Every structure is written in C-alpha cells, then in structure tokens.
Amino acid sequence: MLKHCLAFILASTVAQTAGAVQLLGDVEVSRIPTAEKVMAEVVNRYQALDEGLANQLSAQNNERDATQLAARQGHRLWQQAVRDVQSGHFDDRSLYWARLSMLNSLKNNSASFKMADWQQQILASAVEKASRGFSDIQYDDDVQIKIFLTGFDPFFLDKDISQSNPSGLVALALDGFRFDINGKKAQIETAMIPVRFADFDQGIIESLLSPIYRDPKTQFV
208 MLKHCLAFIL
218 ASTVAQTAGA
228 VQLLGDVEVS
238 RIPTAEKVMA
248 EVVNRYQALD
258 EGLANQLSAQ
268 NNERDATQLA
278 ARQGHRLWQQ
288 AVRDVQSGHF
298 DDRSLYWARL
308 SMLNSLKNNS
318 ASFKMADWQQ
328 QILASAVEKA
338 SRGFSDIQYD
348 DDVQIKIFLT
358 GFDPFFLDKD
368 ISQSNPSGLV
378 ALALDGFRFD
388 INGKKAQIET
398 AMIPVRFADF
408 DQGIIESLLS
418 PIYRDPKTQF
428 V
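Count along the sequence shown from 1, add 207, and you get the number used in the numbering used here.
Below, the structure is given as structure tokens:
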C-alpha cells in the first residue's frame, strides 16, 4: 500500500503544497520550543518517529529514497496516533506537534546528496500528507457505504499553546471504523486538514475530496 501512497503523494506534491509547507521560518514550527516548555510529554510523545526520520535521512542517496523515507515515517505517525486514540489516549495534539518536529528535522538534517529547495519541499509535503492520513484512505472491498470525515489541526495557538481540536480527536477515533446500516457494511475513513489559508488557496480540499465524491459508494462526507 505504501507504493500506492507514495505515488499519490508525488503526483500532487509540487503543484499543491510546495508553497504552503515552508521549512524555513515557518510560524508553526517556531512554536515548538514554547510548546515543549508547557507540555513536553505531549510534544515529545512520538519523538522516536521523529528521530528515526532524522537519523535515517543522512543515509538516503537520492530523492526517491528520501521521499519514501519521509512518506513512511509520516504514515507511521498517522497510524500510531490513530492507534493511541482508539486505545483510550484521547489527545490529538501529539500528532500535530510530532508532524512539526518532523518538518523541523527535515530542515536541520541533510541527506547524503545535495537537495535543492524544491526537493526539500517534496520531502516536507510527503511528511505532511502521509501524517494527515491522506495516503491512508482505503476502504475494504466488501464495503457498501463509504463515509469520509475530516478533522482539523489545533489553531489559535498564540492564545493557548495547549489548544486541542475536538474535530481532530473525532477523526482519529473513527478512522477505519466499520459497522452495519440496515444490513449493509459501512466504513469510515478520515483525514486531518491543516488550518492554513495557503493550503485552501491551493485547492487542498478539492484535491482530497474530488476522487471521494466520484465514488458512487460514498454516502456521507
């Protein structure tokens, strides 16, 4: 499934998120030190995944391998956050802060080949999309009713750095949930949407939802 996910990421990366995800001077990334002082346990919950990305990046010899690594670590982050919430750890914030830590690691660590700015943006977008569940939207073959939900990142963090977002928590809690509706098999898939004007301006919602709307089995979005 990862190969399919990577193809999706590479196909849409440059056109839609290269301008939105900025490694240098990013406002969100700059909040990490403040967040660590206030809630270190939340911010560093998935530190091992971030460190795995940083440590393995230097061993990558080309853009393809580096992008695969970024996508894989982002995907693992999403899956771990889903597992944690569905196991009773009801907090969406660690996913948000771990994603930012990964973006920061991409800025501060180099692969074994010299990357241009646009190549760095490809890696950043791979982390972004995979860690938001964009590449994890997959319904079982026997599903007759497909339901898709989106959650959103925490925002207004300059007012309250510890802010959560209930919609994000719901998205993590319901991802992959299966149940019956009048004898028909239904499944919920979810994704996490950034709260950044640049992403909306570049069509992130349209890109994500268009293939979902085209599926005749999709009943609720």
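Glycine residues also receive a C-beta, built at the ideal position from the N, C-alpha and C atoms.
Predicted, not measured: the structure shown is a model, and the values here were computed from it.
Which term fits residue i, buried or exposed, when burial requires 16 or more other beta carbons within 10 angstroms of its beta carbon?
i, result
"Lys210", "Residue placement at Lys210 is flagged as unreliable, the pLDDT there being 41, under the threshold of 50; the coordinate-derived value follows with that caveat. Exposed, because fewer than 16 other Cβ atoms sit within 10 Å of the Cβ of Lys210."
"Lys321", "exposed"
"His282", "buried"
"Phe427", "exposed"
"Ser265", "exposed"
"Gln280", "buried"
Alpha carbons only, please: which of the options is nearest the one belonging to residue i?
i, options, result
"Trp285", "Glu335, Phe427 and Gln351", "Glu335"
"Phe404", "Ile412, Lys391 and Ala277", "Ile412"
"Gln263", "Asp408, Gln345 and Ala318", "Ala318"
"Ser342", "Glu243, Pro423 and Leu415", "Leu415"
"Asn287", "Glu270, Gln351 and Arg306", "The residue asked about is misnamed: residue 287 is Gln in this sequence, not Asn. Selected option, being the one with the closest Cα: Arg306."
"Asp367", "Val245, Asp233, Val234 and Gly340", "Val245"
"Thr357", "Arg339, Ala261 and Arg238", "Arg339"
"Leu313", "Leu302, Ala323, Ser301 and Gln327", "Gln327"
"Asp324", "Asn389, Glu270 and Asp422", "Glu270"
Between residue i and residue j, is the Cβ-Cβ spacing less than 9 angstroms?
i, j, result
"Gln370", "Leu364", "yes"
"Leu310", "Thr274", "no"
"Asp299", "Gly375", "yes"
"Gly383", "Gln394", "yes"
"Trp304", "Ala242", "yes"
"Thr397", "Phe355", "yes"
"Ala333", "Ala247", "no"
Return the first residue and the last residue of the beta strand (DSSP E) that residue i is part of.
i, result
"Met399", "Lys391 to Ile400"
"Gly358", "Ile352 to Phe359"
With respect to the alpha helix (DSSP H) encompassing residue i, which residues constitute its N-terminal and C-terminal limits?
i, result
"Gln370", "Taken as a continuous stretch (DSSP letters only), Gln370 belongs to no alpha helix (DSSP H), as it is neither H nor E."
Every unbroken alpha helix (DSSP H) inside the region 277 to 363 [4 residues or more]: DSSP runs (the alpha helix (DSSP H)) wholly in the region 277 to 363: 300 to 315 and 324 to 338.
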